[in-house]
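Worksheet: the structure to be examined is printed underneath.
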Amino acid sequence: MSSTTTPEDVRRVACVGAGVIGGGWVAHFLARGYDVTAWDPAPDAEQKLRRLVEAAWPALTQLGLAEGASQDRLTVTATLEEAVADAQFVQESAPENLDLKRDLLARLDAAAPAGVVIASSTSGYPMTDMQTEAVTPGRLVVGHPFNPPYLIPLVEVVGGERTDAEAVAWASRFYEVAGKSVITMRSEVPGFIANRLQEALWREALHMVANGEATVREIDDSITEGPGLRWAFMGPMLTFALAGGEGGMAHMLDHFGPSLKSPWTRLEAPELDKKLYDAVVAGCDDAADGRTIADLVAERDQGVIDVLRATGRLNGGKK
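In this note's numbering, the protein residues as written are 11 to 329.
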């Protein structure tokens with residue numbers, strides 16, 4: 011890979027796939043002052059995308075817009091090729107389907123200017139499995155965000171077996187310049203880091219609902235009123251280290267290590283039968299307590315902003 015543009019000099023970003031994740035990326039890049047071209051095959055994609063960006067803009071304004079940031083800098087194109095023709099970075103956010111990802115990344119590789127890094131928002135597939143049909147796979151990386159990408163700082167970056175190390179380093183630096191908090195992974199791990207941890211909690215929660223051990227509302231309250239408050243500024247490892255008092259993690263492991271063998275968790279996923287499906291859906295409706303999805307999105311966005319502000323992690327909105 012031989013990019014002629016430095017991460018600091020990028021001005022035009024292409025976003026391919028404009029659903030919840032892709033649209034969130036569009037909103038983020040616009041707020042950071044980039045020109046954004048977007049493409050999605052859905053016939054109503056442009057209307058949905060512009061509504062998503064408009065809905066996210068108040069939160070992004072609170073975070074701090076970059077100089078020149080504007081929703082008017084979004085162009086939705088009729089074809090994939092038009093979207094990436096002049097792009098200096100490409101963010102792919104198509105649905106999680108391996109055959110679709112392989113084909114789409116190969117098309118992007120064929121259409122994007124030489125040397126431009128192409129990143130996939132995949133939430134689980136290794137890039138090694140997705141880059142198989144690309145002619146120049148060295149520029150393909152994973153840039154896995156957390157939802158919503160316009161608010162949550164985290165991006166996990168990792169290449170595949172045929173990815174150039176230079177592309178990984180370039181992508182990591184670009185995301186940092188674009189205002190993200192980056193973890194550059196040393197090797198591919200299915201599901202990456204954050205998703206694997208989140209998935210473990212999700213599976214245990216589903217077991218509790220399936221067995222009638224806890225309601226959806228109780229499960230959510232147990233996190234927001236408990237460990238979630240600590241996790242907002244200190245991760246699970248250091249949190250557990252504090253459980254060891256002055257002895258730190260060593261004392262914690264000596265004292266609580268044997269409980270690791272206790273049957274506290276059931277990490278195999280439960281069968282998602284109709285009874286569990288209905289219980290989870292009904293439980294979420296109950297927990298929403300009359301709030302619409304739009305209401306909950308606004309509440310979530312404001313909550314994230316308040317946490318970022320309280321923990322001193324709001325960026326200044328400047329590239």
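All residues carry an ideal CB built from backbone N, CA and C; glycine is no exception.
task: List the DSSP bridge partners of residue 167.
output: Within the DSSP secondary-structure output, residue 167 pairs in a beta bridge with 153, 194.
- request: Report yes if the C-beta distance between residue 41 and residue 70 is below 8 Å; otherwise report no.
  value: Residue 70 is positioned such that its CB atom lies closer than 8 Å to that of residue 41.
query: So does the segment 192-202 actually touch the segment 248-267, counting three or more Cβ pairs closer than 8 Å?
result: These segments do not touch.
query: Among 179, 161, 18, which one has its Cα closest to the Cα of residue 319?
result: The candidate whose alpha carbon is nearest that of residue 319 is 161.
Coarse secondary structure for residue 256, derived from DSSP in three states: Three-state DSSP puts residue 256 in a helix.
message: Quick check on the burial criterion: 16 or more other C-beta atoms within 10 angstroms. Buried or exposed for residue 149?
response: By the neighbour-count rule (16 or more Cβ atoms within 10 Å), residue 149 is buried.
message: According to DSSP, residue 101 sits in a beta bridge with which residue or residues?
response: Answer is 25, 129, bridged to residue 101.
field: Residues that DSSP places opposite residue 86 in a beta bridge
entry: As computed with DSSP, residue 86 is found in a beta bridge with 48.
Inter-stretch contact (C-beta, 8 Å, three-pair minimum) for the segment 200-213 and the segment 276-289: Touching, yes.
- request: Assuming residue 154 contacts residue 165 (C-beta within less than 8 Å), just tell me the rounded distance between them.
  value: That belief holds up - the Cβ atoms of residue 154 and residue 165 are roughly 7 Å apart, short of 8 Å.
message: For residue 9, which residues in the same chain have their Cβ closer than 7 Å to its Cβ, ignoring the five residues on either side in sequence?
response: Lying outside 11 to 329, the shown extent of the chain, residue 9 is not represented and no answer is given.
Contacts around residue 186, its chain only, beta-carbon distance under 7 Å, and the 5 residues preceding and following it disregarded: For residue 186, where only same-chain residues beyond five positions count, the Cβ hits under 7 Å are 192.
task: Just mark residue 284 as buried or exposed, buried being the case when its beta carbon has 16 or more other beta carbons within 10 Å.
output: Here residue 284 is exposed: its Cβ has fewer than 16 other Cβ atoms, across all protein chains shown, within 10 Å.
- request: Please confirm whether residue 151 and residue 169 have their CB atoms less than 8 Å apart.
  value: Yes, Cβ-Cβ distance for residue 151 and residue 169 is below 8 Å.
task: Under 6 Å Cβ to Cβ from residue 163, same chain only, skipping five residues before and after it: list those, please.
output: Within the same chain, residue 163 has close Cβ partners 190, 191.
- request: Would you mind sorting residue 132 into buried or exposed? The rule is 16 or more other CB atoms within 10 Å of its CB.
  value: Sixteen is the threshold: when 16 or more other Cβ atoms of the shown chains lie within 10 Å of the Cβ of residue 132, as they do, the residue is buried.
query: Just the Cα atoms here: how many angstroms apart are residue 205 and residue 136?
result: Roughly 13 Å between the two C-alpha positions.
- request: Let me know the secondary structure DSSP gives residue 107 once reduced to three states.
  value: DSSP places residue 107 in the coil class of the three-state scheme, outside both helix and strand.
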